[in-house]
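Going by the numbering used here, the sequence shown opens with residue 117, and the numbers climb by one from there.
Note that the Cβ used here is the ideal one computed from N, Cα and C, for glycine as well.
Notes follow the structure.
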Amino acid sequence: MKKFFSMLLVLLLAVGVAAGCSLDNGDTGSKSEDKKEGKLKVGLSISTLNNPFFVTLKEGAEKAAKEANIELTVADAQNDSAKQINDIEDLIQQGVDVLLINPTDSSAVTSAIESANQANIPVITVDRSAEGGKVVSHIASDNVAGGKMAGEFLIEKLKDGGNIVELEGIPGSSAARERGEGFHQAIDGAANIKVIAKQAADFDRAKGLSVMENILQSHKDIKAVFAHNDEMALGALEALEAHGMKDVWVVGFDATEDAVKAVKDGKMAATVAQKPEMIGEQAVQTALKVSKGEKVESFIPVPLELVKGE
């Protein structure tokens, strides 16, 4: 009988060990699956999705994220600096590994970037730069060069001189500051050419229309308009057409689909072509490199070109 119980005890122990091994194998499989599902998490805070340029940028980022199996979370700041700061804080709380930020306001976004710095989350700025906080890399076209390109084009067209209206982007944004800077590098030294009105229209088509309408109340002798983006240029074009002014050279910036069509149709003179899809793709690809500890350039330029009519 004792022998029987001894054998039974050995058998029970063997079953227990086997069951334990089975449980261990199950746990290992679960951890392996968790690791497999542990995608890189990237947050993209974008200034506005009420602008075709930034929609295309977002789509470029989404495409690159899908190809690299990256989990991308996009937050639309709706051109509101306070909302953008809250959005970034939310992304930090969600535990993103890398933050891509397209600032609404280059100065106001500093506090949010500093919050990311404190949480040890790398920050990459996209299209627009930030004035403060630690940024690993900035990905954008050279806005100063683009503004200068627009100015040189208008100098070429205004051989006999003339008055120009400049529609500025959102005050405080690096894009507005830099595009204006490049434009004036070219224009300010040109003979017989004068910027007679310069006003912000916040990169918005409706505001571009209303601001241009107001300018036309006091300035009729206009030969050209330079707008810091295509949305404002198209708004200005609408105002000019309403006043029967079809011989004004209108130059925009971004080469959105509507603007390129307007150039081809002979309504707009030119637009400075950025490549928003490429900017979005580069941003995600750079985020992946940063997450792996690879060294990246502090500024990654995306090429520009001038799209103009025949």
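Remark: C-beta atoms of VAL366 and ALA355 do not approach each other more closely than 8 Å. For the segment 328–367, the continuous beta strand (DSSP E) assignments of 3+ residues that do not extend past its boundaries occur at 340–343, in sequence order. Rounded to whole angstroms, the Cβ separation of VAL239 and VAL260 is 22 Å, and the two are not in contact under 8 Å. In this chain, the alpha helix (DSSP H) harbouring GLN301 covers 290–303. In this structure THR164 does not touch ALA184 by the C-beta definition: roughly 25 Å separates them, more than the 8 Å allowed.
Excluding residues up to 5 positions away in sequence, LEU283, LYS323, GLY324, VAL327 and MET348 lie with their Cβ nearer than 6 Å to the Cβ of ALA317 in the same chain.
Linking VAL418 to GLY396 through their CA atoms gives a straight-line distance of about 10 Å.
DSSP, reduced to helix, strand and coil, places PHE319 outside both helices and strands of the structure shown, so it counts as coil. Here GLU294 is buried. Its C-beta has 16 or more other C-beta atoms within 10 Å. Residue pairing from DSSP places GLY159 in a beta bridge opposite THR189 and LEU215. In terms of Cβ geometry, LEU420 and ILE186 do not form a close pair [threshold 8 Å]. Contact between the segment 200–219 and the segment 156–163 is present, with at least three C-beta pairs closer than 8 Å. Taking C-alpha positions only, LEU156 is separated from SER227 by approximately 24 Å.
In the DSSP assignment, ILE237 falls outside any alpha helix (DSSP H), carrying neither H nor E. By alpha-carbon distance to VAL171, the top candidate from ALA358, THR402 and LYS391 is LYS391. The segment 213–228 and the segment 375–391 do not touch, with fewer than 3 CB-CB distances between them shorter than 8 Å. For ALA386, the enclosing beta strand (DSSP E) begins and ends at 386–389. Relative to the Cα of ASN279, the nearest Cα in the group ASP320, ALA246 and SER334 belongs to SER334.
Distance from ALA246 to ILE217 at the Cβ level is roughly 7 Å; contact confirmed, criterion being Cβ atoms closer than 8 Å.
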